[in-house]
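Numbering (the working numbering), first residue to last: 20 to 649.
Written out as C-alpha cells, the structure is:
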C-alpha cells in the first residue's frame, strides 16, 4: 500500500508542510470526542487534515484534575496491543472524508500494568509508592519506544496507512510534556545517577569547575545531589554565584523532557523510513513561568533533525481585545526550519462542557467555569476565530481547530471562518511580505525562570509585556536568546532584550553594533529598563512593565512604522493586515508604501492605490485585509 511522505521545507522565509512533494495547507481539525457528523462538517469546509489521540495507558491526561481517559488504551500487556480505538477513529474520519490525511497524537504515559512490574523505572514518591513513569529512566524510554515502534509497524501495514501522515509524540501533564505535579520530586535513584552524568558532561569532567560553580569545595561528580525544586516560594531572584546547584537542577529537569521528545521523534522517523511527520508540544517559555514544569530546553530541541513541527495552545488570556499569542518564540522555531502549528482551542458561544458530552470521565466541579466557557454571543465567537486566522496568516504558520468536546464550531458562521481561512491561504500567493517584515525584535531568555525563587511570579511581571506588544500597532518577531546572533542588523529598528541577565561579551558587542547602526536597544531585567539609542543611554529604574502606548512611542522614536495607533490588537506581515477591536468606530491605518487594499473575506477592493486608509469598525469585530504593494 502506498505510504505518503510528509515533510517540512522552507519556502518564502517560513517552513511549509509538503505531502508527496506538494505544498499542503497547514490547517487541521481535532476533537477529543470526535464524531462523524463533525468530521463531515469540517470536510465540507475544504479541510482534509485531521488529528486524533491514542493512548498507551488507561489513565487520564491530567493527574491533578482527575479527568478520565478519552479512549481505551493501546498497550495492554507485554507485546500485547489493542488497536480498536485507533480503528474506530480512522473509520469515523475516512467515512466522513475519504480525502483525509491524519496525524495521530500518541500519548506515551505508562499503563498501570507496566508501572506495577517496573517500579525501578517509575516515579518514586516520598511515601514509597510509585506513579506512572520516571521520565529519566532509560528503561521506560526504551520499552515505550519499542511499543511505539510496534504500533507504527501495525499502522504502516494496515489499510489505514495511506491516510497516515504523522505522529505527534505526547506525554506528561495534558499531553504537553509537563511533569505531572507528583513527578517533580521523583526519588527514583536513577534520577540522581543521570543528574551526575549530566553534570559531568556540563563541566567537562572538571571537578574544580563544578566546585567553583556550586561554591562547594567538597562536592564531586559521584556524590552531587539534585537541588530541591519543590522548595517554598520566595519573592526574590536567585544568586547564580550561590545557588548554581538548584539552577543546574532546573536545566537538567528540562533537558530530560527535551531528550525524550528527541528519542521518540527519532523512533517515528526510523520506523517509517522518514516518511511520517513528527511533532510535539514543548517550550512554553513565554507563558509558563514555573520552572518545575520542565519547559526550559527549547533551544536544544530546535537542533533536533527528527522533529518537524512544534505547537502550543494560544495563551489563555482569552478575553476580547487581547492578543492570544503562541506560548513561545515562534520566529526561532521558524528560523530552525520547524513548522509552527497553533492549537486553536477557541471557546465559542456554542462551546459544550465535558460533563454534558462525556459525564463518565468528567471530574466533579472541573472543566465547568472560567477558561472553559465561551463568549455569550456568536458575533464575538466569529471575531475570535478571525483573530486566530489573521495571526496565522500574518505570521506565516498554521494550526488545528481544536473542537475539544465536540460541537464548538458547528455553526454556519464559524464553519465559514474555518473554510474561508483555508480559501485565503490557497487563493493568495505566499509572500514574505517584503516591506512588511517586522521592524521590532523581542529576544527572551527561556532560562530566566530558573533564577526566579517565586516559582514564576517575578518572571511573569516581565513577561506580562507580551500583551501590550500585540497592541502597539506594528508587528514583532520573538526570538530565543541563543538566536540573538542570527538577527539581521538591517531589518530591525528596535530590539528589546527582555529578561536577559549577565550579558556575554558577544552580546555586548552585538548591542554595540546595533547601536552604531542606529537601532534602538531596550534591555529589561529585574532592575528596570535601559533604553540605548545612539549616544543616549537612559535607565528607567524599576520600569519592568510597559503599556502599549508607551511602547508605541519608543518604537516610533526608533523609526518603526506604526500602522495604527488605536490600541487595538494588530497583526501585519506577509501581505496581510489584521485588526481586532472591542469598541469599534473609525480607525486610520497608515501604510509604509502605496498599495492596493483588498477585503479578501468580502472580495472587495477598498482602494486601488493608497498609503492611508480610514475604516469604520463594528464593535467586537476582526477585519482582515490583503495588501498588494505597488
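Every residue, glycine too, gets a C-beta built ideally from N, C-alpha and C. Values in this document were obtained by computation on a predicted structure and should not be read as measured data.
Residues bridged to residue 49 (per DSSP): 70, 421
Looking only at DSSP bridge pairs, what is residue 345 linked to? 333
Own chain residues within Cβ distance below 8 Å of residue 483, not counting five before or after: 564
With residue 26 and residue 327 assumed to form a contact (beta carbons below 8 Å), what rounded beta-carbon distance in angstroms separates them? 7 Å
Closest residue to residue 242 among 287, 447, 215, 643 (Cα-Cα distance): 215
For the region 135 to 153 against the region 273 to 287, are there 3 or more C-beta pairs whose distance is under 8 Å? no
Go to residue 479, then tell me how far its alpha helix (DSSP H) extends in each direction, as first and last residue. 476 to 482
In angstroms, rounded to a whole number, what distance separates the CA positions of residue 254 and residue 465? 19 Å
May I have the straight-line CA-CA distance separating residue 248 from residue 85, to the nearest angstrom? 24 Å
Quick one: is residue 602 buried, meaning 16 or more other Cβ sit within 10 Å of its Cβ, or exposed? exposed
So, using beta-carbon positions, are residue 616 and residue 642 closer together than 7 Å? no
Does the region 346 to 353 touch the region 299 to 308, meaning 3 or more C-beta pairs lie closer than 8 Å? yes
Return the bridge partner residues of residue 607 from the DSSP annotation. 633
Please say whether residue 46 and residue 329 have beta carbons closer to each other than 7 Å? no
Identity of the residue in 447, 467, 425 nearest residue 413 by Cα: 447
So who's on the other strand from residue 401, going by DSSP bridges? For residue 401, which the question treats as bridged, DSSP gives no partner whatsoever.
C-beta contact flag for residue 492 and residue 589 at 7 Å: yes
If I measure Cβ to Cβ from residue 283 and keep anything under 7 Å in the same chain, skipping five residues before and after, which residues do I get? 127, 164, 167, 188
Contact check, residue 424 vs residue 52 under 8 Å by CB: the rounded distance? 5 Å
Residue 649 classed as buried or exposed, judged by whether at least 16 other C-beta atoms fall within 10 angstroms: exposed
Between the region 504 to 515 and the region 306 to 314, do at least 3 Cβ pairs fall closer than 8 Å? no
Do we get a CB-CB distance below 7 Å when we pair residue 559 with the residues of chain D? Protein chain content of the structure displayed is limited to a single chain, and chain D is not contained in it.
So who's on the other strand from residue 645, going by DSSP bridges? 595, 617
Can you tell me which of 378, 443, 385 puts its alpha carbon nearest to the alpha carbon of residue 405? 443
Name the residue from 111, 427, 365 whose alpha carbon lies nearest to the alpha carbon of residue 376. 427
Residues in the same chain with beta-carbon distance under 6 Å from residue 409, minus the five sequence neighbours each way, listed in chain order, please. 590, 597, 643
Is residue 118 buried or exposed, if buried means 16 or more other CB atoms sit within 10 Å of its CB? exposed
Residue 57 lies in the alpha helix (DSSP H); which residues open and close that run? 55 to 64
Starting from the C-beta of residue 322, find all residues in its chain whose C-beta is less than 8 Å away, skip the five residues before and the five after it, and write them out in chain order. 355
Quick one, are the C-beta atoms of residue 452 and residue 592 less than 7 Å apart? yes
My guess is that residue 64 and residue 434 are in contact by the Cβ rule of under 8 Å, so how many angstroms apart are they, rounded? 6 Å
Rounded to whole angstroms, what is the Cα-Cα separation between residue 31 and residue 357? 14 Å
For residue 553 and residue 337, what's the separation of their Cα atoms in angstroms? 39 Å
For the beta strand (DSSP E) that residue 28 lies in, which residues bound it at each end? 25 to 30
Among 577, 573, 574, 568, the one whose alpha carbon lies nearest that of residue 585: 568
Given residue 24 as reference, the closest of 287, 199, 109 once Cα atoms are compared: 287
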